[in-house]
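Working notes, structure below.
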């Protein structure tokens, strides 16, 4: 079966557990962008028996992690069914070769409207638009559109900086922000693109660009936003020169808008989470410690996400408390997780680097509360 609409932070283990309830799974694969390794929000699952397929198809249209699932029989060609030719051949290349990324969309944009507009460029294989379930299913401002041919892709890119739905949209080949980093002064892997975290939630993109232009010429900024238009607290900045990127990295640890910045070469936060290296480990464990403090928590994470992440630590958390801003009520990116005993804490601290809502967490031991 083909499954679309998956949360981008969902892992193979999570899908194996959830969709394994339908029947025995022979093979499971999350589809990822070759340029970045990021999930496309899609997966292919092969079941041992037809009964498993039938049970999985019943999930079509369900809310799963805040997104609406699309579950259907995979097109002929097995794992090749990522899109492309209808005979199932060469499908693994279609998504990356003939896919565009569109941003700047209005909140009332609908997938069928996008498909109708971009079908003028060529035959559309698939439209994938992120929606905010908690905000009435409104568009989050961006989408991916896959064409069946290069001519469709090329025609669509010509719509860059044109008006759609009353807004000026950006249209580019999917993953193009990585390729642009290879312009002047080197490529993204050599440090042209930097990742910035700890940004104020009310920060406008033009202010961010103005401040970091002091380091050097900027080729592009990608600052994800929530449905209300507020910054999610992080961004990718692509500099035209290595020198500009190096100067930006020097801002690491500085206070910006009342918050402490983390600035590093793009991709380091991901490799650090995988290797367990690069960040200082937890301090000495206090006597009688039965709690951990979770840091660098995604601002989109809720307490249920933490209960699930630490469910296998002993009998699971006895209590979870996410710290929030007194005025706005928004998460501060930090939480306390309590357990019944020290053994569970020992198991929990080993999960440093685990991604929750797409962001790797750090942890430390929490000092026992005074009675």
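Residue numbers (this note's numbering): 370 to 740. All C-beta atoms in this analysis are idealised placements derived from N, C-alpha and C, irrespective of residue type, glycine included.
- Pairing residue 469 with residue 496 gives a Cβ-Cβ distance that is not under 7 Å.
- In the DSSP annotation of this structure, residue 619 is not part of any beta strand (DSSP E), being labelled neither H nor E.
- When the beta-carbon positions are compared, residue 564 and residue 522 stay at least 7 Å from each other.
- The C-beta separation of residue 471 from residue 538 comes to about 6 Å, placing the pair in contact by the 8 Å criterion.
- Cβ-Cβ separation between residue 425 and residue 416: approximately 7 Å, consistent with a contact (criterion under 8 Å).
- When the five nearest sequence neighbours on each side are left out, the beta carbons in the same chain lying within less than 6 Å of the beta carbon of residue 688 are those of 707, in order along the chain.
- Between the segment 701-719 and the segment 648-667, the count of C-beta pairs closer than 8 Å reaches three or more; the two stretches touch.
- In this structure, residue 418 sits away from residue 389, with a CB-CB distance that is not shorter than 7 Å.
- A distance of 7 Å or more separates the beta carbons of residue 385 and residue 375.
- Distances from the CA of residue 726 to each of 678, 620, 735 were compared; the closest alpha carbon is that of 678.
- At the C-beta level, residue 562 and residue 635 come within 7 Å of one another.
- Within the segment 637-723, the runs of beta strand (DSSP E) at least 3 residues long that lie entirely inside it are, in chain order, 660-664, 688-693, 700-707.
- Residue pairing for residue 408: DSSP places it in a beta bridge opposite 401.
- For the pair of segments examined, the segment 602-610 was found to touch the segment 574-590: the number of CB pairs separated by less than 8 Å reaches three.
- When DSSP states are grouped into helix, strand and coil, residue 727 belongs to the coil group.
- CA-CA distance, residue 408 to residue 511, rounds to 16 Å.
- Rounded to whole angstroms, the separation of the alpha carbons of residue 723 and residue 737 is 24 Å.
- Where residue 608 is concerned, the enclosing beta strand (DSSP E) starts and stops at 603-608.
- In the three-state reduction of the DSSP assignment, residue 371 falls in the strand class, which pools E and B.
- The DSSP-derived three-state label of residue 522 is helix.
- Remark: C-beta atoms of residue 666 and residue 730 approach each other more closely than 7 Å.
- Collapsing the DSSP output to three states places residue 576 in a helix.
- Between residue 443 and residue 413, the gap from beta carbon to beta carbon is short of 7 Å.
- Listed in chain order, the non-local C-beta contacts of residue 534 below 8 Å within the same chain comprise 474, 475, 477, 478, 482, local neighbours out to five positions each way being set aside.
- The Cβ atoms of residue 683 and residue 631 lie no closer than 7 Å to each other.
- Partner residues in the beta bridge of residue 514, as assigned by DSSP, are 469, 496.
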